[in-house]
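Protein chains in written order, with our numbering: chain V, 16 to 146; chain A, 3 to 188.
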């Protein structure tokens with residue numbers, strides 16, 4: 016299976032860590048697009064060419080949560096899973112992301128390869144992607 | 003510059019001090035696989051050599067900032083463990099990593115404060131790097147210093163009342179502050 020993932024984080028190193036951990040899951044062959052904030056992600060996000068989103072919360076210009084809200088507001092992207100990957104870990108923030116903004120999974124930094132594997136496995140069981 | 007928040011004259015909260023200490027010992031302890039010892043310091047210990055500092059500001063029930071001060075050798079070791087590969091101390095990726103480490107601790111501190119009934123929200127991290135760094139406040143602001151010792155090296159934190167808007171103008175000894183790093187903080 017091939018997964019086209021958009022990885023949104025203002026830290027280049029963090030984007031690299033997320034991409035490496037995804038590759039190491041061995042669950043799919045990944046093709047990555049990188050964005051360094053919500054505005055950049057909007058410019059690069061084409062729903063018919065992205066299968067899954069990994070989004071940091073705190074970023075300059077446009078936060079990850081605002082980006083996720085915009086993605087979900089379009090109404091045609093419910094099938095694209097959104098994974099928040101963030102250091103925000105209060106219950107309020109988790110609830111905001113999952114219940115209000117429309118994210119599908121929440122991973123807090125620092126995460127382990129096992130956590131990434133578990134979340135991705137769960138999401139992939141519900142996904143329809145290009146093979 | 004005026005300091006509008008009266009809370010700046012109140013000593014740094016014990017809850018904040020404990021939350022930062024617990025967060026660093028537990029989070030870094032788990033991340034880097036080391037036991038970490040912490041000690042209170044009575045005064046600002048000057049960073050004699052090269053150091054890199056991640057700064058996060060908090061707003062909420064009160065305004066304060068946390069400075070994570072990593073000497074070069076500690077930063078290099080931690081960065082390699084965090085990224086999984088060697089990171090050039092003088093390159094932009096080192097700033098990225100120290101910002102991320104500060105951010106991870108800050109997020110954990112917010113959660114710990116929330117459990118203690120204290121509301122706090124984070125700024126984006128800012129990173130400064132240089133030799134003989136000493137961050138000077140515009141006036142005497144309540145400050146608490148902690149030292150940490152791990153197998154990866156020593157490092158320090160400073161918890162200061164106020165945000166960089168209150169004291170950033172008085173910074174000395176800083177050789178590198180990039181525009182993007184400053185923009186991240188403001």
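Where is the CB? At the ideal position from N, CA and C, for every residue including glycine.
At the C-beta level, residue 122 (chain A) and residue 60 (chain A) come within 8 Å of one another. Annotation: the continuous beta strand (DSSP E) that includes residue 99 (chain V) extends over 97-101. Residue A:13 holds the alpha-carbon nearest to the alpha-carbon of residue 65 (chain A) among A:13, A:131 and A:129. Under the three-state reduction of DSSP output, residue 128 (chain V) falls in the helix class. By the Cβ neighbour-count rule, residue 87 (chain A) is exposed, with fewer than 16 other Cβ atoms within 10 Å of its own. The region 117-134 of chain V and the region 94-105 of chain V touch, with three or more beta-carbon pairs separated by less than 8 Å. Exposed is the label assigned to residue 16 (chain V), since fewer than 16 other Cβ atoms lie within 10 Å of its Cβ. Burial state of residue 127 (chain A) is buried, judged by a 10 Å Cβ sphere holding 16 or more other Cβ atoms. Of the residues V:116, V:94, V:130 and V:71, the one whose Cα lies closest to the Cα of residue 25 (chain V) is V:71.
When secondary structure is reduced to three states using DSSP, residue 103 (chain A) falls in the helix class.
The region 39-51 of chain V makes no contact with the region 73-92 of chain A: fewer than 3 CB pairs, one atom from each, lie closer than 8 Å.
Between residue 56 (chain A) and residue 104 (chain A), the C-beta spacing is below 8 Å. Of all residues in the region 26-43 of chain V, only 26, 27, 28, 29, 31, 32 and 35 place a beta-carbon less than 9 Å from a beta-carbon of chain A.
Excluding sequence positions up to five before and after residue 48 (chain V), its CB lies within less than 6 Å of the CB of 21 and 59, all in the same chain and listed in chain order. Taking every protein chain shown into account, the CB of residue 109 (chain A) has 16 or more other CB atoms within 10 angstroms, so this residue is buried. Excluding sequence positions up to five before and after residue 81 (chain A), its CB lies within less than 7 Å of the CB of 89, 96 and 99, all in the same chain and listed in chain order.
Residue 85 (chain V) is positioned such that its CB atom lies no closer than 8 Å to that of residue 23 (chain V). Apart from the 5 residues on each side of it in sequence, residue 146 (chain A) sits with its Cβ closer than 6 Å to the Cβ of 14, 19 and 161 in its chain, given in chain order.
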